[in-house]
Amino acid sequence: MRVLAVDLGGTKTLLELSEFDGTHSTLIADQRYASADHASFDGIISNFLAHHPGPVGAACIAVAGPVTASSHGESAEITNLPWHLDSQQLASQFKIQHVKLINDFAAVAYGLDGLCGDELVTLQNVSCDARGVRLVLGAGTGLGVALMVHDGQRYNVLATEGGHAGFAPASNDELVVFNYLRQTLGHVSIEHVLSGPGLVNIYYALHQLDHGSEESLLLNITHSADPGAAISSAATHGDNIAHRTLDVFTQIYGNVAGNLALTCLPTGGIFLAGGIAPKIIQQLQSDLFLPAFHHKGKMSALMQRFPIKVVMNSNIGLIGARLMAQRLLAR
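If you count the sequence shown from 1, position 242 lands on 266 in our numbering, and the numbers rise without skipping.
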């Protein structure tokens, strides 16, 4: 039976069609679309299926936006597009027996079971509890946080809004960043410092502290199409503030991961996903992340008991959508 997996974001939409026999999956076709080039999601899926005609048994669509469940299915609003999706309407329109909408970071969590060993880089090598709680967090455009709980047969995902919890600085540099952002934002969430925009916020805070009104490189960062990438590039070319920014960002990643771990005791593993972690893998493997993760007072010894891995596959959301679509066929 054919299954359709979709990872729908404000910038791009990825679609994958595969054949699933109950055990093995075989790729039929995949395609990337620029989301903004289309008036609706219906147009994208119509174009894709027109090029690959035939019945589809199940579809899972991972969306960058909140998903609302009801007795009739799910509906979703896309955060950065004026699109509304309804699972029942899509199932009827495209004659798909099962259609499910899930949050894009929930798809990332489900995708863990579809990764190969070389797609995970170990930061803390500890034995994993096969049914222990898993913690998944990922810094990208925002900060996604999800928990995975085993029900005796398989893992299920519990979505959270942990990225919007308050940020608790744990070092002098983090306190500088916190105070800078508090003056302009009032409430400083974790996402304000641990995300692509968060990386820029850290740079601005440190730049103001060290240079006051000097703005030559700051203007270059501000007007860059990708400020986060510009900061990373500046760090490799000897800019001290940019280098310090990456160090502080990495320490914050460890600090936040440790705080979240204390709330759920993830003996099943901590997984760093999202677009930023693979790009700063050297920083994460340095002597910055783990010390910040371990630095939890009387709980410091406990922090060394949790496996920590970095997800290197950027298509993990699409993998998760495919695995969920396969689950739908078994209902």
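We put the beta carbon where it would ideally sit given N, CA and C, even for glycine. Computed from a predicted model, the values in this text were never measured in an experiment.
Taking the alpha carbon of residue i as the point to measure from, which residue in the options has its own alpha carbon closest?
{"i": "A82", "options": "T37, R26 and I69", "result": "R26"}
{"i": "D197", "options": "A183, L233 and V224", "result": "L233"}
{"i": "H319", "options": "D142, G278 and A349", "result": "G278"}
{"i": "L73", "options": "S64, V91 and D54", "result": "D54"}
{"i": "T274", "options": "H247, I305 and G292", "result": "I305"}
{"i": "R351", "options": "G46, I300 and G33", "result": "G46"}
{"i": "G168", "options": "A354, G67 and L159", "result": "L159"}
{"i": "G299", "options": "A325, P79 and P221", "result": "P221"}
{"i": "H231", "options": "V280, Y204, V217 and H247", "result": "Y204"}
{"i": "L38", "options": "M348, R355, L136 and G341", "result": "G341"}
{"i": "A130", "options": "E143, I85 and L109", "result": "I85"}
{"i": "T146", "options": "I294, A325, S324 and R355", "result": "I294"}
{"i": "I343", "options": "A170, F317, A133 and G67", "result": "A133"}
{"i": "F202", "options": "Y179, I276 and S94", "result": "I276"}
Helix, strand or coil for residue i? Go by DSSP, reduced to three states.
{"i": "D153", "result": "coil"}
{"i": "L105", "result": "coil"}
{"i": "H96", "result": "coil"}
{"i": "R178", "result": "coil"}
{"i": "N127", "result": "strand"}
{"i": "R26", "result": "strand"}
{"i": "V212", "result": "coil"}
{"i": "S324", "result": "coil"}
{"i": "T37", "result": "strand"}
{"i": "G138", "result": "helix"}
{"i": "A301", "result": "helix"}
For the alpha helix (DSSP H) containing residue i, name the first residue and the last one.
{"i": "N283", "result": "N264 to C288"}
{"i": "Q307", "result": "I305 to L308"}
{"i": "T50", "result": "Run containing T50: none in the alpha helix (DSSP H); it sits in the beta strand (DSSP E), S49 to A58."}
{"i": "E198", "result": "N196 to L209"}
{"i": "I340", "result": "I340 to L353"}
{"i": "I408", "result": "Because the chain is modelled from 25 through 355, residue 408 falls outside the range shown and cannot be assessed."}
Residue i lies in the beta strand (DSSP E); which residues open and close that run?
{"i": "R158", "result": "R158 to A163"}
{"i": "H174", "result": "L167 to H174"}
{"i": "L147", "result": "L144 to Q148"}
{"i": "F313", "result": "Unbroken run through F313 is the alpha helix (DSSP H), F313 to H318; no beta strand (DSSP E)."}
{"i": "A254", "result": "Looking at the DSSP string, A254 is not in any beta strand (DSSP E); the run it does join, the alpha helix (DSSP H), is P251 to T260."}
Are residue i and residue j close, meaning C-beta to C-beta below 8 Å?
{"i": "S338", "j": "P315", "result": "no"}
{"i": "H211", "j": "G186", "result": "no"}
{"i": "R346", "j": "S42", "result": "yes"}
{"i": "C140", "j": "P331", "result": "no"}
{"i": "L13", "j": "A88", "result": "The shown model of the chain, from 25 to 355, leaves out residue 13, and the question about it has no answer."}
{"i": "N104", "j": "G34", "result": "yes"}
{"i": "I226", "j": "T269", "result": "yes"}
{"i": "G292", "j": "M327", "result": "no"}
{"i": "V181", "j": "A194", "result": "no"}
Count the CB pairs spanning the region 283-292 and the region 245-255 that are closer than 8 Å, and state whether there are at least three. no
Between the region 299-315 and the region 89-107, do at least 3 Cβ pairs fall closer than 8 Å? no
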